[in-house]
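Q:
Residue numbers (this note's numbering), protein chains in the order written: chain A, 1 to 187; chain B, 188 to 374.
1. Near residue 39 of chain A, which residues of its chain fall below 6 Å by C-beta distance, leaving aside the five closest residues on each side in sequence?
2. Can you name the residues that DSSP bridges to residue 213 of chain B?
3. Exposed or buried, what is residue 203 of chain B when buried is set at 16 or more other beta-carbons lying within 10 Å of its beta-carbon?
4. Along the alpha helix (DSSP H) that carries residue 346 of chain B, what are the first and last residues, could you check?
5. Counting beta carbon pairs with one atom in the segment 313–331 of chain B and one in the segment 254–266 of chain B, are three or more of them shorter than 8 Å?
6. Say whether chain A places a C-beta atom closer than 8 Å to the C-beta of residue 348 of chain B.
7. What are the residues that DSSP puts in a beta bridge with residue 256 of chain B?
8. According to DSSP, simplified to helix, strand and coil, what is residue 278 of chain B?
9. What does residue 150 of chain A pair with, by DSSP beta-bridge criteria?
10. Determine the direct distance from the alpha carbon of residue 252 of chain B to that of residue 339 of chain B, and round the result to whole angstroms.
11. For residue 324 of chain B, which three-state DSSP category applies?
12. Between the segment 217–246 of chain B and chain A, which residues of the former have a C-beta closer than 8 Å to a C-beta of the latter?
13. According to DSSP, is residue 11 of chain A part of a helix, a strand, or is it coil?
14. If you follow the alpha helix (DSSP H) that residue 360 of chain B is in, where does it begin and where does it stop?
15. Give me the Cα-Cα distance between residue 312 of chain B and residue 213 of chain B, rounded to the nearest whole angstrom.
16. Spell out whether any CB of chain B is found under 8 Å from the CB atom of residue 175 of chain A.
17. Anything in chain A within Cβ reach of residue 207 of chain B, meaning under 7 Å, just list it in chain order.
18. Using a Cβ-Cβ cut-off of 8 Å (strictly less than) and excluding sequence neighbours within five positions of residue 373 of chain B, which residues of its own chain qualify?
19. Taking DSSP as the reference, what is the three-state secondary structure of residue 310 of chain B?
20. Just by C-beta distance, which residues in the segment 65–86 of chain A are closer than 9 Å to chain B?
21. Return the chain-ordered list of same chain residues with a C-beta closer than 6 Å to the C-beta of residue 356 of chain B, the five sequence neighbours on each side being excluded.
22. Please list the terminal residues of the continuous beta strand (DSSP E) segment that includes residue 190 of chain B.
23. In this structure, how does DSSP classify residue 221 of chain B when only helix, strand and coil are distinguished?
24. Which residues mark the beginning and the end of the beta strand (DSSP E) in which residue 299 of chain B is found?
25. By DSSP's criteria, residue 315 of chain B is part of a beta bridge. Which residues make up the other side?
26. Between residue 293 of chain B and residue 322 of chain B, which are expected to be in contact by the criterion C-beta below 8 Å, what is the C-beta distance as a whole number of angstroms?
27. Check the DSSP bridge columns for residue 40 of chain A and list the partner residues they point to.
28. Please decide whether residue 140 of chain A counts as near chain B, where near means a Cβ-Cβ distance under 8 Å.
29. If you follow the beta strand (DSSP E) that residue 84 of chain A is part of, which residue opens it and which one closes it?
30. If the criterion is Cβ atoms closer than 8 Å, does the pair residue 206 of chain B and residue 73 of chain A meet it?
31. Please state whether the Cβ-Cβ distance between residue 69 of chain A and residue 195 of chain B is less than 8 Å.
32. Residue 16 of chain A by DSSP, collapsed to three states: which one?
33. Quick check: is the beta carbon of residue 5 of chain A nearer than 8 Å to any beta carbon in chain B?
34. Could you please give me the residues that DSSP links to residue 58 of chain A through a beta bridge?
35. Within 8 Å of any Cβ in chain B, is that where the Cβ of residue 119 of chain A sits?
Below you can see the structure in the form of structure tokens.
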């Protein structure tokens, strides 16, 4: 029997303060008490808005992928289109807006396939992952000056090659990609 | 033709300083220059040691899963065993130590299946994901006072249920789990 109690072992927050609150970094320090009575005076939570990403497949079965330099690990690799849910936006709207801005693709049939976390321990936000089937090029890209993104239409075999050779690094994108290949029995 | 140039579009770091350097939170602020000349004076990178996780399957084909409260999202869910690579440790040693400490399981045949990132943009570390086949219970758990972890041996069908119902949230664990189900054609 699988357990389904999200509140199991929940910690009590005794105190909270913010170390920094900037648009791209908000760090909170909590003093927490565990059910066993242990008090930890220094547990950090990074607060972010929710994120979205899109596994977009075109009408002729190509994957809409992007390449973008990622400063944390200092590398440029293939990725899914992704971004932030803006205030007042629904996750689906954000996903459709990001696909349009970053790649110029749109249309198709959209389905939310998972809601996941990059790190449930240290971050408070969730990432809504969409599958968009039958998208088409509708416009050009609309990038901000801090965005430097190229768009690539890859075949199923090319994406399979990237997955099998561990060439995609972002776990929030790998989860929906591996799920797609598992569900479609493409391996 | 797939592109394989990790240095494409690389940013130049003009200046770096640290906002905080604590054992569980190290935040660096970089001033960066993009290839298009745009200067961003405030790009944050969170520095962490490398992490490991283990998809461990017992001699009788049960998945060794744990349950642990995660304060970032405020929930307790099923997870793989995971942890930090200690200074001087190899990732494989860290993975075997964590499996032993958190679950009491060991032995078996180990294989590194992917090296991935929770967020290549904002974090500088990688997570080494192992598949351990044929593990057995060797001892009890050895937990620290801040760890409150229960061990659960799940069948393939139970893990499949968790995956299909979006009940596992940690992307660094979902990537190797979905890969396992994709490669073994278990769906």
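For glycine and all other residues, C-beta sits at the position ideal for the given N, C-alpha and C.
A: Reading it off the structure:
1. 33
2. B:208, B:234
3. exposed
4. 343–351
5. no
6. yes
7. B:263
8. helix
9. A:67
10. 5 Å
11. strand
12. 217, 219, 221, 222, 223, 225, 227, 229, 230, 231, 232, 233
13. coil
14. 358–370
15. 12 Å
16. yes
17. 19
18. 343, 347, 367
19. strand
20. 67, 68, 69, 70, 71, 72, 73, 74, 75, 76, 77, 78, 79
21. 264
22. Segment: none, residue 190 of chain B is in no beta strand (DSSP E) and carries neither H nor E.
23. coil
24. 296–303
25. B:239, B:302
26. 6 Å
27. A:32
28. no
29. 81–84
30. no
31. yes
32. strand
33. yes
34. A:135
35. yes
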